[in-house]
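Q: Heads up, this note's numbering is the position in the sequence shown plus 75, with the first residue counted as 1.
Here a beta-carbon is modelled for each residue, glycine too, at the ideal position from N, C-alpha and C.
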Amino acid sequence: MSITPVERVAAALLALEGLALLMVAGWEVVALVGGDTDDVGSSIALIVLTVVGAAAVVAFAVGVARGQSWGRSGGVVTQLLVLAVALGALTGPAPSAGFATVLAVPAIVGLIVLFAAARRAGARRRTNAPDR
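1) Tell me where the alpha helix (DSSP H) around Gly146 begins and ends.
2) Please classify Ala159 as buried or exposed, where buried requires at least 16 other C-beta atoms within 10 Å of its C-beta.
3) Can you give me the start and stop residues for the alpha helix (DSSP H) that Gly93 sits inside?
4) Rounded C-beta distance between Gly128 and Leu94? I'm assuming under 8 Å.
5) Excluding the 5 residues preceding and the 5 following Phe174 in the sequence, name in chain order all residues of the same chain whose CB lies nearer than 6 Å to its CB.
6) Locate the alpha helix (DSSP H) running through Ser118, then write down its first and last residues.
7) Would DSSP call Pro181 helix, strand or coil?
8) Would you check if the stretch 82–89 and the stretch 175–192 touch, i.e. whether three or more CB-CB distances between them fall below 8 Å?
9) Use the C-beta contact count for Thr125: other C-beta atoms within 10 angstroms, 16 or more gives buried, fewer gives exposed.
10) For Ile78, I'd like the list of residues in its chain whose CB is within less than 7 Å of its CB, leaving aside the five on either flank, ordered along the chain.
11) Taking the beta carbon of Leu178 as the centre, do at least 16 other beta carbons fall within 10 Å, making it buried, or is it exposed?
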């Protein structure tokens, strides 16, 4: 089964987001090693959760690249979570419109592309469905 260009774009965006999360984990490791943390245990837990999250997002990218609906579903949830973080960055105790925009724009693009990929997959499934 061949995937459509929109599915390729969706998979690429998710893969880039997974890579970005791995970079955040690396930044967290540098902060831990540099002593820029208050609680070592919490820092290690945050690093582990960030790496697990990155692995999940990369798995969603692979799923989308293979035309699997679970990859698209996970990708949509990921984009919604990123939008929630962007909203928090905009309305939190130290609002940052720039940071919120940097988070929100790719998430909105990701949502649009994932919805388009889901529509393409549905159309492909209907076209390939056996007659009853």
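A: Considering the structure as presented:
1) Start and end: Ser144 to Thr166.
2) Exposed, because fewer than 16 other Cβ atoms sit within 10 Å of the Cβ of Ala159.
3) DSSP places Gly93 inside the alpha helix (DSSP H), whose first and last residues are Pro80 to Val108.
4) That belief does not hold up - the Cβ atoms of Gly128 and Leu94 are roughly 12 Å apart, past 8 Å.
5) Within the same chain, Ala164 come within 6 Å of Phe174 by CB-CB distance, once the 5 residues on both sides are set aside.
6) Val115 to Ala140 is the span of the alpha helix (DSSP H), which, as asked, contains Ser118.
7) Of the three classes helix, strand and coil, the one that applies to Pro181 here is helix, per DSSP.
8) Three or more pairs of CB atoms, one per stretch, sit closer than 8 Å, so the stretch 175–192 contacts the stretch 82–89.
9) Answer is buried; the Cβ neighbour count reaches 16.
10) Correct list, in chain order: Ala140 and Gly142.
11) Leu178 should be labelled buried.
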